[in-house]
Amino acid sequence: MRWSKAFHPTFRDDPSDAEAVSHKLLLRAGFMRQLMAGVYTLLPLGYRVAHKITEIVREEMNELGAQEFRLPTLHPKDVWERSGRWDAMGQEMFRFEDRRGSDVGLGMTAEEIFAHLASELRSYKQLPQNWYQIHTKYRDEARPKSGLLRVREFTMKDSYSLDIEEAGLDHAFDMHFKAYRKIFKRIGFEPIAVEASSGSMGGNESIEFMLKSDAGEDWIASCEGCGYAANVEKATSELAAESDEAGLDAPEKFATPGVRTIEDLEQFEGGAPGSRQIKTLVYKVDGKTVLLLLRGDDALSEQKLVDTVEAEEIRPAAADEIQEALGAQPGSLGGVGVTEHFIIADEALRGRTNMTTGANVDDFHLRGVSVERDIESNAWLDLREVKEGEPCVQCGKALAVFKTIEVGHIFKLGTKYSEAMGATVLDRNGKARPIIMGSYGIGIERALAAVVEASHDENGIVWPVNVAPFEVVITVVKPKDVECMEAGERLYDSLKGSGIDVLLDDRDERPGVKFNDADLIGFPYRVTIGPKGVAAGVVELVARRDGEKSEIRVEHAGETITEAVLANRR
RNA sequence: CGGGCCGUGGCGCAGUUUGGUAGCGCGCUUGACUGGGGGUCAAGAGGUCGCGAGUUCAAAUCUCGCCGGCCCGACCA
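Remember, my numbering sits 38 above the position in the first sequence when you count from 1.
Structure follows, in structure tokens:
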């Protein structure tokens with residue numbers, strides 16, 4: 039490709055309404071343009087990268103023995119109704135009526151459709167199967183953001199394993215785990231695999247692949263000592279041993295005028311530090327009032343509650359509901375003496391004595407509370423969100439908590455979808471058994487943006503060779519100089535002939551403009567061909583990543599550069 | 001969905017308070033000089049100021065309504 043004939047529109051300034059690095063750079067360097075909120079056009083540069091990522095994913099899926107399908111993106115309502123997700127997905131699914139008035143949804147994922155196809159399977163002898171597709175998905179996100187990191191229309195590789203035995207699922211899951219590791223490494227970054235919540239997918243085990251990045255929106259806890267890592271929606275930590283004094287024989291009520299928050303009570307004369315307070319949250323779980331008790335300095339992980347409590351609807355209670363249930367406003371709530379409501383206490387409160395909590399009378403608290411003596415909790419659960427620095431459950435080292443981008447997610451689904459779709463096969467004994475499914479996803483555009491987040495500098499993107507839009511750019515410093523231009527073209531032909539993705543910058547621009555554009559776009563290698571070099575019979579090779587320069591004799595240039603590129607392809 | 005900010009040539013912005021000829025930088029076109037990190041000079045093109053109503057002699061500017069975008073939060077496989 040000749041740059042003078044290409045559509046590679048670059049900007050000199052950062053676009054004003056982009057925040058994330060990948061968002062800024064992908065716009066500025068001419069990889070994409072926004073059409074509307076969460077919907078982007080990939081320009082030729084962007085599409086080349088997306089295509090290379092797709093090919094890597096495809097190769098690794100084929101390597102694993104998976105078969106590629108192509109499903110529709112138009113899904114009929116009834117298939118989604120059978121799994122219960124037509125309703126469960128709520129506003130997140132794009133929906134409309136066709137001309138006959140039939141309800142249609144745009145596919146956000148394909149468990150239903152693949153399970154529906156799997157109902158054609160008859161015998162365990164046809165299993166295992168591994169099915170996948172790489173296709174457009176639609177999700178009407180409430181808040182698309184950060185360029186390609188969170189969009190409403192995107193390409194996803196989604197695969198599905200079908201097995202008769204749990205052991206088969208374990209194997210398929212493991213194969214995907216390894217394939218994902220390899221895929222991300224080839225694409226150009228190494229995410230952390232973490233235990234995750236399965237959310238609305240269902241199933242009992244899932245692993246997310248997370249790339250550390252400030253542009254991300256998922257917090258994970260990870261341990262450098264032993265490699266334990268989990269999404270904070272799931273993470274646990276060792277509890278630091280607390281030594282409490284026995285305290286009083288019975289709770290003592292005391293006035294706390296104006297105290298509303300944990301911090302207020304810490305400051306209050308006669309109050310208590312957050313670690314000695316019991317925080318009381320009121321939730322509505324399928325309409326029932328439930329009290330959640332946590333240590334004052336712990337935060338509730340709502341996802342942990344959702345994951346452990348089987349319920350349709352879980353939400354914080356409204357102010358009037360709280361008043362009616364406990365007779366006091368938030369700030370003075372507590373579980374002491376409460377018997378008419380279900381109480382769930384966090385594990386961190388077990389055995390604690392001499393604590394302080396609300397008295398269920400506005401502006402009054404209780405001190406000297408022994409949790410197990412004074413509060414009739416109906417259940418003990420792990421509800422707290424892990425904090426930075428807490429000891430790892432496996433090795434005791436301090437956990438780090440940081441932000442990440444979710445670039446892949448694999449699920450052990452079980453039989454939820456196969457049962458809903460009637461996907462059963464006959465086993466060895468002639469008995470019908472639901473197929474055991476797993477599902478596995480990678481977002482292509484998000485992975486593309488993740489590479490940029492992971493690999494850039496102050497001058498622009500630094501593409502790994504494997505996914506670079508072009509592996510080499512030949513910068514002809516003075517295109518009007520016939521010798522320069524011809525030297526450039528000869529090298530271009532030579533590299534092209536060797537199968538290198540090469541772009542010839544033949545634009546009539548100043549060298550500085552070309553160098554800056556090349557750096558911004560991020561080609562891994564730049565060959566500079568100028569009058570001085572040509573006169574001396576050399577060209578200059580510059581590596582984008584470290585700026586390392588070397589002079590190469592013109593007659594060896596094609597060969598040397600080809601070798602350098604091939605050495606970095608994976 | 002709640003809160004905040006914003007919509008003016010392709011990009012970045014000023015002008016809106018106090019209504020009166022739509023402006024700047026970059027980019028773009030043509031030509032010349034130039035040519036190893038966004039060069040110089042000259043001459044140009046390009047905008048119904050997000051949309052619609054209203055007030056007014058007159059609206060980018062004031063009023064009302066709508067649409068769109070970004071950020072924070074809630075939500076989210």
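Beta carbons: idealized from backbone N, C-alpha and C, even for Gly.
Go to residue i, then tell me how far its beta strand (DSSP E) extends in each direction, as first and last residue.
| i | result |
| --- | --- |
| Trp501 | Taken as a continuous stretch (DSSP letters only), Trp501 belongs to no beta strand (DSSP E), as it is neither H nor E. |
| Glu135 | 133-135 |
| Lys631 | Lying outside 39 to 608, the shown extent of the chain, residue 631 is not represented and no answer is given. |
| Gly479 | 474-481 |
| Arg564 | 563-567 |
| Ile352 | 352-354 |
| Ile316 | 316-323 |
Between the alpha carbons of residue i and residue j, how many angstroms are there, rounded?
| i | j | result |
| --- | --- | --- |
| His61 | Asn554 | 19 Å |
| Val323 | Glu362 | 16 Å |
| Glu586 | Glu204 | 52 Å |
| Gly476 | Leu165 | 13 Å |
| Ala605 | Glu593 | 20 Å |
| Gly568 | Tyr530 | 15 Å |
| Pro47 | Ala556 | 12 Å |
| His403 | Glu385 | 22 Å |
| Tyr563 | Val580 | 6 Å |
| Asp282 | Ala356 | 34 Å |
| Thr79 | Asp420 | 44 Å |
| Val603 | Asp52 | 30 Å |
| Glu290 | Val117 | 59 Å |
| Glu57 | Glu93 | 29 Å |
| Arg314 | Ser244 | 35 Å |
| Asp208 | Lys516 | 60 Å |
| Leu119 | Phe49 | The sequence as given places Glu at residue 119; Leu does not occur at that position. Approximately 47 Å, taken between the alpha carbons. |
| Ala506 | Asn168 | 30 Å |
| Glu351 | Met127 | 13 Å |
| Leu343 | Arg333 | 16 Å |
| Asn416 | Lys115 | 40 Å |
| Val424 | Glu340 | 12 Å |
| Gly535 | Val511 | 15 Å |
| His154 | Val463 | 13 Å |
| Glu301 | Gly396 | 13 Å |
For residue i versus residue j, is the C-beta spacing smaller than 8 Å?
| i | j | result |
| --- | --- | --- |
| Arg253 | Glu444 | Looking at the sequence shown, residue 253 is not Arg but Ala. It is not a contact, given that the beta carbons lie outside the stated cut-off. |
| Ile538 | Val565 | no |
| Thr394 | Ala278 | no |
| Thr193 | His214 | no |
| Val102 | Ala217 | It is Leu, not Val, that sits at residue 102 in the sequence shown. Yes. Within cutoff. |
| Phe107 | Tyr176 | no |
| Leu83 | Ile559 | yes |
| Ile382 | Ile413 | no |
| Val540 | Glu509 | yes |
| Ala349 | Ser197 | no |
| Asp401 | Thr294 | yes |
| Val77 | Glu191 | yes |
| Arg123 | Glu98 | no |
| Phe211 | Pro229 | no |
| Gly373 | Leu329 | yes |
| Val576 | Ile590 | yes |
| Val611 | Glu483 | Residue 611 lies beyond the stretch modelled for the chain, which goes from 39 to 608, so this question has no answer here. |
From what residue to what residue does the alpha helix (DSSP H) around residue i run?
| i | result |
| --- | --- |
| Ile360 | 357-364 |
| Arg66 | 59-66 |
| Thr598 | 592-606 |
| Ser532 | 520-535 |
| Gln129 | Careful: Gln129 lies outside any alpha helix (DSSP H) and carries neither H nor E. |
| Met99 | 82-101 |
| Thr346 | 340-346 |
| Ala556 | 549-559 |
Quick check: does the Cβ of residue i come within less than 7 Å of any heavy atom belonging to the ligand MG?
| i | result |
| --- | --- |
| Ala268 | With respect to small molecules bound, the structure shown includes none, and the ligand MG cannot be examined in it. |
Please give me, in chain order, every unbroken run of the beta strand (DSSP E) with length at least 3 that falls completely inside the stretch 253-295.
Counting only runs of 3+ residues, the beta strand (DSSP E) found wholly inside the stretch 253-295 occupies 256-261, 267-269, 290-293, in chain order.
Three CB pairs or more closer than 8 Å across the stretch 259-276 and the stretch 420-432
Taking a cut-off of 8 Å on C-beta distances, the stretch 259-276 touches the stretch 420-432, as three or more cross pairs fall below it.
The stretch 495-506 touching the stretch 542-550, judged by at least three CB pairs closer than 8 Å
Flag = no, the stretch 495-506 and the stretch 542-550 do not touch.
Does the stretch 126-133 come close enough to the stretch 144-152 to have 3 or more Cβ pairs within less than 8 Å?
In this structure the stretch 126-133 lies against the stretch 144-152, because at least three pairs of beta carbons, one per stretch, are closer than 8 Å.
Sequence ranges, beta strand (DSSP E) only - wholly within the stretch 168-221, length at least 3
If only uninterrupted beta strand (DSSP E) runs of at least 3 residues are considered, those enclosed by the stretch 168-221 are 191-201.
Give a yes or no on contact between the stretch 259-278 and the stretch 445-459, applying the rule of three or more CB pairs nearer than 8 Å.
Under the three-pair Cβ rule at 8 Å, the stretch 259-278 does not count as touching the stretch 445-459.
Counting only runs that start and end within the stretch 381-455, where is the alpha helix (DSSP H) found for 4 or more residues in a row?
For the alpha helix (DSSP H) assignment, the uninterrupted runs of no fewer than 4 residues enclosed by the stretch 381-455 are, from N- to C-terminal side, 409-412.
With a threshold of 8 Å, are at least 3 pairs of Cβ atoms found where one atom belongs to the stretch 433-442 and the other to the stretch 368-377?
They do not touch, by the three-pair rule.
In chain order, which beta strand (DSSP E) runs of at least 3 residues are fully inside the stretch 134-165?
You should have 141-144.
Using 8 Å as the Cβ pair cut-off and three pairs as the minimum, do the stretch 218-226 and the stretch 465-473 touch?
Verdict: no, contact absent.
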